[in-house]
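In my numbering, the protein residues as written are 17 to 364.
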């Protein structure tokens, strides 16, 4: 999972009631912006709502504003005409220092803005972008909320997938939702061809890293799991990936060194289209609480995930019979035997 549930999900604020049908009032919009500073998993969960916006406003250009990795994900969504990005990594300047991007967005003269999180920084960006019509979930109650030309929608209770919560904002605005939710990512042919050259047949994917060490299964568990699965089936291969971060690359190198089996292949720093193509070729995605889980779900790849119990976890669990998860108060309490048993059952 890319992130735990945003803080705004947990805050109860009185919302201004809707005044009629937002969709009907804005039906003639020519240019729409969705402001959502999401990373990998958040942007995956945003995509079904983007498809609904495109369906309800078929003549409008649809733009998005997100973190860099989020924009890379949204480039795979054919419903998005232009994904914009603002650097939001720990080493980047504060988002509000990227005036160049915000000024460029203001010059686009958007007719409508949508905000599916209600986070402070995304609402500030909406103010600067200046779309005259907006639809947003209620976030924290601030005096400057009145500066935002938006209809405010109270959040429905959790307990449903995050992508469904995003879509419910459109339902509140008068949009009829298409069922079921769709992701429909389009992976570039060159990425597919590349993945065919590096991912063998009968492979599974290991996603051993997460955004923080607290979300990562112990390294010795991953090593033991890899050895167990490779010994169980001599035709099986494992592809393990890591981002360009040094900590992640070190963990990947340790896995490859300790397993010491040519049927375990490590790939460092794949681009988002390449990562999607890797996942699409694999029979199973095994990993922790990271955005890769949600990308695999969107690509209809079976998943097996180890989770540390936390508030709001139900909103982030993939739904369906080909998705399994093991949850415990601590990740160290999840045994290799539990995970290997689940994996072998899914591979049958």
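Note that CB positions come from ideal geometry on N, CA and C, so glycine has one too.
Check, Outcome
"Coarse secondary structure for residue 258, derived from DSSP in three states", "strand"
"Residues that residue 78 bridges to, as DSSP identifies them", "48"
"Extent of the continuous alpha helix (DSSP H) run through residue 179", "178 to 188"
"Residues of its chain near residue 67, where Cβ-Cβ distance is below 6 Å and the 5 sequence neighbours each way are ignored", "95, 198"
"CB of residue 80 within 8 Å of CB of residue 92, strictly", "no"
"Residue 155 versus residue 229 - alpha carbon distance", "29 Å"
"Backbone secondary structure at residue 42 - three-state DSSP", "coil"
"Inter-residue spacing [alpha-carbon to alpha-carbon] between residue 240 and residue 359", "13 Å"
"Extent of the continuous alpha helix (DSSP H) to which residue 84 belongs", "84 to 90"
"Neighbourhood of residue 325 by C-beta, 7 Å cutoff - its chain only, sequence neighbours within 5 removed", "343, 344, 345"
"Buried/exposed call for residue 30, threshold 16 Cβ in 10 Å", "Residue placement at residue 30 cannot be trusted, given a pLDDT of 35 that sits under 50; the coordinates are not used to answer."
"Sequence-distant residues of its chain with Cβ nearer than 6 Å to residue 86 (five each side left out)", "54, 55, 59"
"Straight-line Cα distance separating residue 131 from residue 77", "16 Å"
"Distance CB(residue 252)-CB(residue 279) smaller than 8 Å", "yes"
"Where the alpha helix (DSSP H) through residue 238 begins and ends", "235 to 248"
"Local conformation of residue 28 per DSSP, three classes", "For residue 28, the predicted structure reports a pLDDT of 30, less than 50, and the residue's modelled location is therefore unreliable. A value from the coordinates is still provided. If DSSP states are grouped into helix, strand and coil, residue 28 belongs with coil."
"Three-state class that DSSP yields for residue 128 in the structure shown", "strand"
"Strand pairing of residue 55, partner residues [DSSP]", "Paired residues: none, contrary to the question."
"Touching by the beta-carbon criterion (3+ pairs, under 8 Å), the region 192 to 209 and the region 279 to 295", "yes"
"Which of helix, strand or coil DSSP assigns to residue 18", "The pLDDT assigned to residue 18 is 37, lower than 50, so where the model puts this residue is not dependable; a value taken from the coordinates is nonetheless given after this. Coil."
"Contained beta strand (DSSP E) runs [length at least 3] in the region 256 to 294, N- to C-terminal order", "280 to 284"
"Burial state of residue 177, where buried means 16 or more other Cβ atoms lie within 10 Å", "buried"
"6 Å CB neighbourhood of residue 173 in its chain, flanking five on each side removed", "none"
"Buried versus exposed, by CB contacts within 10 Å (16 or more), residue 311", "buried"
"Cβ-Cβ distance between residue 378 and residue 102 below 8 Å", "Only positions 17 to 364 of the chain appear in this structure, which leaves residue 378 out of reach."
"Enclosing beta strand (DSSP E) for residue 117 [first to last residue]", "Segment 115 to 123 is the alpha helix (DSSP H) holding residue 117; no beta strand (DSSP E) there."
"Pairwise C-alpha distance: residue 179 and residue 320", "19 Å"
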